[in-house]
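Below is one structure; the comments refer to it alone.
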Amino acid sequence: MPVKHSLPIAEIQIPAKRKKTLDPAKVAAMAEDILENGQTTPISVRASKTGYVLIEGYHRLEALRALGEKTVVGYEVRARLH
Numbered sequence: 813m814p815v816k817h818s819l820p821i822a823e824i825q826i827p828a829k830r831k832k833t834l835d836p837a838k839v840a841a842m843a844e845d846i847l848e849n850g851q852t853t854p855i856s857v858r859a860s861k862t863g864y865v866l867i868e869g870y871h872r873l874e875a876l877r878a879l880g881e882k883t884v885v886g887y888e889v890r891a892r893l894h
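Numbering (the numbering used here), first residue to last: 813 to 894.
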């Protein structure tokens with residue numbers, strides 16, 4: 813079972829493909845929700861040589877960044893070999 817970690821936002825890299833999918837209106841709405849309810853759903857990242865790479869939760873991450881947060885709750889996942 814994955815364990816939640818507090819991850820530094822500054823160390824999370826966004827893949828170039830994902831950057832194109834950002835919806836500023838969705839980020840603003842999510843930021844409002846986080847202000848009212850806190851971060852309810854963790855993001856998912858994988859480890860890289862220089863920190864982490866985002867797998868899931870781009871809008872949540874950007875909403876927290878917009879709110880001035882320095883950390884985000886997330887799961888560190890590992891690639892599975894088949």
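Backbone N, C-alpha and C define an ideal beta-carbon position, used for all residues, glycine too. Keep in mind the model is a prediction, meaning the values are calculated, not measured.
- Around the Cβ of Glu-874, a 10 Å sphere holds 16 or more other Cβ atoms; the residue is buried.
- With fewer than 16 other beta carbons inside 10 angstroms of its own, Ala-822 counts as exposed.
- For Arg-872, the enclosing alpha helix (DSSP H) begins and ends at 870-878.
- In the structure shown, Glu-848 falls within a helical segment according to DSSP collapsed to helix, strand and coil.
- Judged by DSSP in its simplified three-state form, Ile-826 adopts coil rather than helix or strand.
- Classified as exposed, Gln-825 has fewer than 16 neighbouring CB atoms from the shown chains inside 10 Å of its CB.
- Exclusion of the five residues before and after Ser-856 leaves Ile-867, Glu-868, Gly-869, Gly-886, Tyr-887, Val-889 as the residues of its chain whose Cβ lies within less than 7 angstroms of its Cβ.
- Between His-871 and Asp-835, the C-beta spacing is below 8 angstroms.
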